[in-house]
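Structure, as structure tokens:
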Amino acid sequence: MLDATMRRLIDPALNRMGRALAARRVPADTVTLIGLGLGLVSAAMIALGWPLAALAPLLASRLADGLDGAVARASEKTDFGGYLDITADFLFYGAVPLGFVLHDPAGNGAAGAFLLCSFYVNGASFLGYAILAERHRMETTARGAKSLYFTGGLLEGTETIAFLAALCLWPAAFPPLAWVFGALCFVTAGSRVLLAFRVFG
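Residue 164 in this note's numbering is what sits at position 180 of the sequence shown, and the numbering runs on without skipping anything.
Below is the structure:
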């Protein structure tokens, strides 16, 4: 819901940093992999019981996730780069909740499973829509120039990052936050299915 607004705020700074990295011949895929590595470090720290300390690599990971596209736009965009980026994103978004489940399976297991199921369904609705949009030659830059067609929704990247940061700040609240956020993810997926029916049905 907030991604389009956030992109207008952060893109100028990201594009400046992206041009600087591209001038130093830093590949966009390298930035993507660094961001993924930071995200997995964050998830591991959560699993070990250090959620507050995990917040720093988590946020750095999301900064890298924004930078890789800026580097690609300043140098060379590739289909593989877009593919690698979305795959890394999905791994990151699954790894952080998994870290909370691994840290406390008894307390966080059910809520974590529900949350991951909602991510799975939401991701499927997102990628399925992107495939159909590509087939119909649809384009949008509302959420920045992307390799895939990005549909809006109740929950987008901005809300998800804020949610994961909140989990790091208040780890004891993982179960209720996960149940609520997971339910909202299902609402987002359902609204996207309805949108697909209206557009492609």
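Note that beta-carbon positions come from the ideal geometry of N, C-alpha and C, so glycine has one too.
Locate the alpha helix (DSSP H) running through residue i, then write down its first and last residues.
{"i": "Lys88", "result": "Looking at the sequence provided, one finds Asp at residue 88 rather than Lys. Counting along the chain, Asp88 falls outside any alpha helix (DSSP H), and DSSP gives it neither H nor E."}
{"i": "Met122", "result": "Counting along the chain, Met122 falls outside any alpha helix (DSSP H), and DSSP gives it neither H nor E."}
{"i": "Leu42", "result": "35 to 58"}
Report the three-state DSSP secondary structure of residue i (helix, strand or coil).
{"i": "Trp154", "result": "coil"}
{"i": "Val187", "result": "Residue numbering for the chain in the displayed model covers -15 to 185; residue 187 lies beyond these limits and cannot be assessed."}
{"i": "Gly174", "result": "helix"}
{"i": "Leu68", "result": "helix"}
{"i": "Arg0", "result": "helix"}
{"i": "Pro11", "result": "coil"}
{"i": "Glu140", "result": "coil"}
{"i": "Thr16", "result": "helix"}
{"i": "Leu32", "result": "coil"}
{"i": "Thr(-11)", "result": "helix"}
{"i": "Arg127", "result": "In this prediction, Arg127 scores a pLDDT of 49, lower than 50, which makes its location untrustworthy; the coordinate-derived value is nonetheless stated afterwards. Arg127: coil per DSSP, three-state reduction."}
What distance in whole Å lies between the Cβ atoms of residue j and residue i, which are believed to be in contact at a cut-off of 8 Å?
{"i": "Ile235", "j": "Gly83", "result": "Limits of the chain in this structure are -15 at one end and 185 at the other, which puts residue 235 out of reach."}
{"i": "Arg(-9)", "j": "Ala58", "result": "Actually they are not in contact, since the Cβ atoms of Arg(-9) and Ala58 sit about 16 Å apart, beyond 8 Å."}
Pull up the distance between the alpha-carbon of residue i and that of residue j, whole angstroms please.
{"i": "Val164", "j": "Glu118", "result": "32 Å"}
{"i": "Leu17", "j": "Gly50", "result": "12 Å"}
{"i": "Phe110", "j": "Arg176", "result": "7 Å"}
{"i": "Arg9", "j": "Phe76", "result": "26 Å"}
{"i": "Leu151", "j": "Gly107", "result": "21 Å"}
{"i": "Leu138", "j": "Leu22", "result": "27 Å"}
{"i": "Pro159", "j": "Cys101", "result": "14 Å"}
{"i": "Asp69", "j": "Phe170", "result": "23 Å"}
{"i": "Ser45", "j": "Pro155", "result": "19 Å"}
{"i": "Leu20", "j": "Leu178", "result": "32 Å"}
{"i": "Glu140", "j": "Pro11", "result": "26 Å"}
{"i": "Gly174", "j": "Phe103", "result": "12 Å"}
{"i": "Glu123", "j": "Ile115", "result": "12 Å"}
{"i": "Arg127", "j": "Ala(-12)", "result": "Caution is warranted here: a pLDDT of 49 is assigned to Arg127, below 50, making its placement in the model unreliable, and the coordinate value is therefore given only provisionally. Distance between the alpha carbons of Arg127 and Ala(-12): 5 Å."}
{"i": "Thr142", "j": "Leu47", "result": "12 Å"}
{"i": "Leu86", "j": "His120", "result": "42 Å"}
{"i": "Ala157", "j": "Leu148", "result": "12 Å"}
Next item on the list: Please confirm if the region 11 to 30 is in contact with the region 62 to 82, defined as three or more CB-CB distances below 8 Å between the two stretches.
Entry: Three or more Cβ pairs closer than 8 Å define a contact, and the region 11 to 30 meets that threshold against the region 62 to 82.
Next item on the list: Evaluate contact between the region 36 to 54 and the region 87 to 96, counting only Cβ atoms and requiring at least three cross-stretch pairs below 8 Å.
Entry: Flag = no, the region 36 to 54 and the region 87 to 96 do not touch.
Item checked: At least three beta-carbon pairs within less than 8 Å, the region -4 to 8 to the region 53 to 70 -> A contact exists between the region -4 to 8 and the region 53 to 70.
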